[in-house]
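Notes follow the structure.
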Amino acid sequence: MGEIQAIAAGAARSAFSGASQHNRIMRLDFPFEDGPPAILLPNKLKVSEAVSRCFRIVVEALSDDPQIPLKIVMGKMVTISLVREDGSLRYFNGYVTEFRFVRSDGGFAFYQMVLEPWLAFTRLRKNSMSFHNKSVREITEDTLKHYRPADWHMYPVDESKLTVANQYNETDYNHLHRRWEALGLHYWYEHEFGRHKLMISDNSFLAEPIDEEAYLIPFHDKGGSREDDGIHEWTAIRRLGPGQVTLASTDYKNPGAQRASVDSGNQQGDVFPYEIYEDTGAYGFRMRSDGEQLAARRMEEQDKNRQYFEAAGNDRSVLPGRTFKLGDHFSAEPRSPEYDPEPRRSIGDRRYLILDVEHEATNNYQAGVGAPSQYENRFTCIRKDIRWRPGPGFNSAPGTNMGLHTAAVVGPAGADIHTDGYGRVKLQFPWDRLGKYDENSSPWIRVMTPAAGNEFGQVRLPRVGEEVGVVYSNGNIDHPLILGAVYNGKHMPPWKLPEQSALAGLRSRELGGGSRGNHLILDDTKEQIQAQLKSDHQCSQLSLGHITRIEDTSGRKDARGEGWELTTNAWGVARAAQGMLITTEARLNAASHAKDLGETAQRLASAAQIQEQLAAMALDHEAQESGQQDEAAEDVKAQNSAIRGAAKGSSPELSEPHLVMASPAGIELTSAQSTHIASERHTAITSGKSLSLASVDSLFASVGKTFRLFVHKAGMKLIAAAGKVSVQAQTDDVEIIANKVLEMISDTEWVNIRGKKGIRMYGGGKNMVEIGEQVQFFTAAPVLFHGNLETLPPKSVSQAFNERSRDYQFDQEVNFVDANLKPEKAVAYELVRGDGTVMDGKTAASGSTEVQKSGGFDSYTIRYKGELP
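Note that my numbering has the sequence shown beginning at 1, numbered continuously upward.
Quick look at the structure:
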């Protein structure tokens, strides 16, 4: 054995002796005594630890066994105890996440061990789930309950609930850090022999000193001793940064961009305050005050890097998240007023917050017994009075997803549509492992639509069970937005494809499991295009174009004609408040304006002229009196004027709400029952040629006042082919006048002329025959009798005269009732009769007015006077 090998072997025997660890500055233990049976000694140590980052401890361990199974060490808790200057111990505790055999040399088996915190295990679990209405603390609790070794404490922080917090294809580690950083939380670890505890806070001002109050670390410059614990290097650093943060946000419940600004509290000198302008996207903040708080947080995240200190030394107590004071540094001395015109706080009175530390130590086992151990560190710190926040992305990747997802619309059991006042719906994302496909699977999510105005736009709410495409506002996984619906194996298109690919449009479905629906179809079949608007209720539809039947998902069926059809199995109503024109007058390709009715107005004007001319002739021939047919003709002229319109403009027609029907070919009305035409004023019928009335049964005309019939030319005939002709004037005279001969002829029987008092016959201007009680001849000329004159004794012939009833009283009353058809007693009313007489009264107990009586048909108006008993 050579000399070097002998020394190494001796060092190994010494190192593996029972008390070897107790003579060094580092010790290695398995707190749960679950380590391998072989000896493991810490030879070298490298530790990286920082605020808001997981520590990493790399240990070079020596063993007397080069064949330790690696897996028996994995996941075990290990504690490295570092002996401090005063003999107390500083602990580095963690779990073995990596263990390797490196080499064997001189009796030593070299292993490398990596220790990390229990929080590192959260890198190993990736998940996809959705948290609803939970605070960051609650999200942390729900996540960390899956980790058995979790040991943590969260100081009081903002407990605001997040409407939704989605974790998608993301490790628990990244998700938690995203949430903590967004809220401005930072963390550090507290190490003990058998544990390390995660400490989470949002206020670095509350950081505690390393050991006791005002823990002091002395500064030893290069000329002093480097054996004592202290700081050997101290460097102050300033870095230029922005001087202002401005944030913008939008909130659909309070539309319009909101902005909030905060200036930096960091005094950078004579430097322009450059601005960070950041769009936080949808729901970044709701109120301006919220925005100012968020902007202040973002400004603090920037200011933390503007002034800091780098140090090196060998104080074995330094650890991130704790504070100290620096002693004996030359910068504590006052500077020249030229540089510091205003007095500043002495550096010796300041406290510094440690942010990160790099430790290196060695037990130096290979050098043999008595070889000195070594320790040194480098660290970064800031003044404690500068608030430290990590900021988004400090130790996490953004939770963005720029892709398109699909999800199922959900709601309560049995619901077809589940929505709120904003037209939002709820979704079940297929990646959300906790969702139950019910109304609790998500918060309300907005639905994108082609048009959304102030109480106008387009609405078609996705129904429960439909699949929709989802995008994310600003790429934020927490802010989904429904882009539209997609078909799938359960929900097929409304018409069979590809056979019915010419059909486009919309088909709805009756709620409650019904099979009926409504559809709007645009059919682009070549040379057979059509448009249909249909409701399956009572088969009500409007068809335009080349009309082809479309009833269900099978699409086009039999052709039914061309043009347009409006049809229903129920009732139909066409109502136009300002007028309506129904015409078959052609306007090829919709030429001219919609109300154009030139031909119609011309025909109506001609008809009005005929009415006026014939009425004037009737007046001339004394067939009528003024104010009779000529009054109706004036009404017709006024109607025509309103139909034609007098207003200036491109469409003056129908200045009053007339219903006009017109055709260049003909208008036909037919009914299987009765036809009734009614006018409150005049009814005028004009024919350019003949007016033909044909009645298979009877023709009745009942006229309230006057019946005047005038024929201008060609005479008048009244013929009863069978039955009796009776002309009566029941209360007045009958006058028959002929310009020429007046003939009364009975073809087969007598002509009877009867008068109750007698008969008078006039002729020749001076002669009269009176047949009464006596027969008398009054004549200035001789009375001639041709034939034999025979005189007989007196004899009378009985004559029957009809006795007509004179009881023609008009008898009418009106009843007042309420909405339930019960009589209304003592209701005040006013009655205006046709002759202008006005009467006041109140209804009887039966709700009736007084009986109105007259000798013939009369008219009257009842007016309710607005008075109830």
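Ideal Cβ placement from N, Cα and C applies to all residues, glycine included.
Discussion item. What residue range does the beta strand (DSSP E) around Thr79 cover?
Written reply: Met77 to Val83
Worksheet entry | Own chain, CB closer than 7 Å to Arg771, minus 5 neighbours either side, in chain order | One point to set straight first is that residue 771 is Ile, not Arg, in the sequence displayed. The residues are Gly758 and Ile759.
Worksheet item: Does the Cβ of Ile521 have 16 or more other Cβ atoms within 10 Å, making it buried, or fewer, making it exposed?
Response: buried
Worksheet entry | Per DSSP, the bridge partner or partners of Ala577 | For Ala577, which the question treats as bridged, DSSP gives no partner whatsoever.
Discussion item. Quick check on the DSSP output: the alpha helix (DSSP H) that includes Val711 runs from which residue to which?
Written reply: Element bounds for Val711: n/a, residue is neither H nor E.
Item to complete: Under the assumption that Gln307 contacts Ile382 (Cβ atoms under 8 Å), give the Cβ distance between them as a whole number of angstroms.
Response: 7 Å
Practice prompt. Kindly indicate which three-state DSSP category Ala9 falls into: helix, strand or coil?
Written response: Below a pLDDT of 50, predicted positions are generally treated as unreliable, and Ala9, at 49, falls in that range; the measurement from the model is reported next regardless. Residue state, collapsed to three classes: helix.
Worksheet entry | Endpoints, the alpha helix (DSSP H) within which Asp635 is located | Gln629 to Arg644 is the extent of the alpha helix (DSSP H) around Asp635.
Worksheet item: Can you pull the DSSP bridge partners for Met617?
Response: Answer is none; Met617 lacks a bridge partner.
Worksheet item: Which same chain residues, not among the five before or five after Gly224, have their C-beta less than 6 Å away from its C-beta?
Response: Reliability fails at Gly224, whose pLDDT of 47 lies under 50, so the model's placement of it is uncertain and no value is given.
Item to complete: Give every residue of the same chain whose Cβ lies closer than 8 Å to the Cβ of Ala616, excluding the five residues on either side of it in the sequence, and list them in chain order.
Response: Asp630
Worksheet item: The alpha helix (DSSP H) with Glu138 in it runs from where to where?
Response: Val136 to Leu144
Practice prompt. Give every residue of the same chain whose Cβ lies closer than 7 Å to the Cβ of Ile736, excluding the five residues on either side of it in the sequence, and list them in chain order.
Written response: Hits under 7 Å: Leu742.
Worksheet item: Taking the DSSP output, what are the residues bridged to Tyr219?
Response: According to the sequence provided, residue 219 is Phe. The question's Tyr does not apply to it. Phe219 is bridged to Ile231.
Discussion item. Let me make sure I understand the geometry here. Which of Leu709, Leu581 and Ala296 has the alpha-carbon closest to that of Glu656?
Written reply: Among Leu709, Leu581 and Ala296, the Cα nearest to that of Glu656 is on Leu581.
Worksheet item: So is Arg322 buried or exposed if we call it buried at 16+ other beta carbons inside 10 Å?
Response: buried
Fill in: Residues of its chain near Gly435, where Cβ-Cβ distance is below 6 Å and the 5 sequence neighbours each way are ignored
Gln428 and Ser441
Practice prompt. For Cys892, count neighbouring C-beta atoms within 10 Å of its own C-beta (all shown protein chains included) and say buried if the count is 16 or more, exposed if not.
Written response: Residue 892 lies beyond the stretch modelled for the chain, which goes from 1 to 869, so this question has no answer here.
Worksheet entry | Status (buried if at least 16 other CB within 10 Å, exposed otherwise) for Ile753 | So Ile753 ends up on the exposed side.
Worksheet item: Would DSSP call His948 helix, strand or coil?
Response: Nothing about residue 948 can be reported from this structure: the residues present for the chain run from 1 to 869 only.
Discussion item. Just to confirm my understanding: we take Ser805, look at its own chain, exclude 5 residues before and 5 after, and list those with CB closer than 7 Å. What are they?
Written reply: Residue placement at Ser805 cannot be trusted, given a pLDDT of 49 that sits under 50; what the coordinates show is reported in the next sentence. Counting only Cβ-Cβ distances below 7 Å, and skipping sequence neighbours, we find nothing.
Fill in: DSSP-derived helix/strand/coil call for Thr122
helix
Worksheet entry | Burial state of Pro450, where buried means 16 or more other Cβ atoms lie within 10 Å | exposed
Worksheet item: Where does the unbroken beta strand (DSSP E) through Trp180 begin, and where does it stop?
Response: Segment Asp172 to Ala182 is the alpha helix (DSSP H) holding Trp180; no beta strand (DSSP E) there.
Worksheet item: Helix, strand or coil for Asp279 per DSSP?
Response: strand
Discussion item. Under 8 Å: do the stretch 407-418 and the stretch 94-106 share three or more Cβ pairs, one atom per stretch?
Written reply: no
Worksheet item: Going by Cα to Cα distance, which pick from Ala236, Lys76 and Asp29 is closest to Ala925?
Response: As displayed, the chain neither begins before 1 nor continues past 869, which places residue 925 out of reach and without an answer.
Worksheet item: When DSSP builds the beta bridges, which residues end up paired with Gln530?
Response: Asp523 and Gly545
Item to complete: Determine the direct distance from the alpha carbon of Glu60 to that of Phe110, and round the result to whole angstroms.
Response: Using only the alpha carbons, I get a separation of about 7 Å.
Item to complete: Would you check if the distance between the CB atom of Gly877 and the CB atom of Arg53 is smaller than 9 Å?
Response: It is not possible to answer for residue 877, since the shown part of the chain is limited to 1 through 869.
Discussion item. With H, G and I counted as helix, E and B as strand and the rest as coil, what does DSSP make of Ala165?
Written reply: Secondary structure of Ala165 (DSSP, three-state): strand.
Worksheet item: Going straight from the alpha carbon of Leu45 to that of Asn377, what length do you get?
Response: 11 Å
Fill in: Those residues which DSSP pairs with Pro42 across a bridge
Ala61
Worksheet item: If you follow the alpha helix (DSSP H) that Leu294 is part of, which residue opens it and which one closes it?
Response: Here the alpha helix (DSSP H) through Leu294 covers Arg288 to Asp303.
Item to complete: Express the C-alpha separation of Ala504 and Ile477 in angstroms, rounding to a whole number.
Response: 34 Å
Item to complete: Look at the Cβ atom of Gln602, then the Cβ atom of Arg556, and state whether they are nearer than 9 Å.
Response: no
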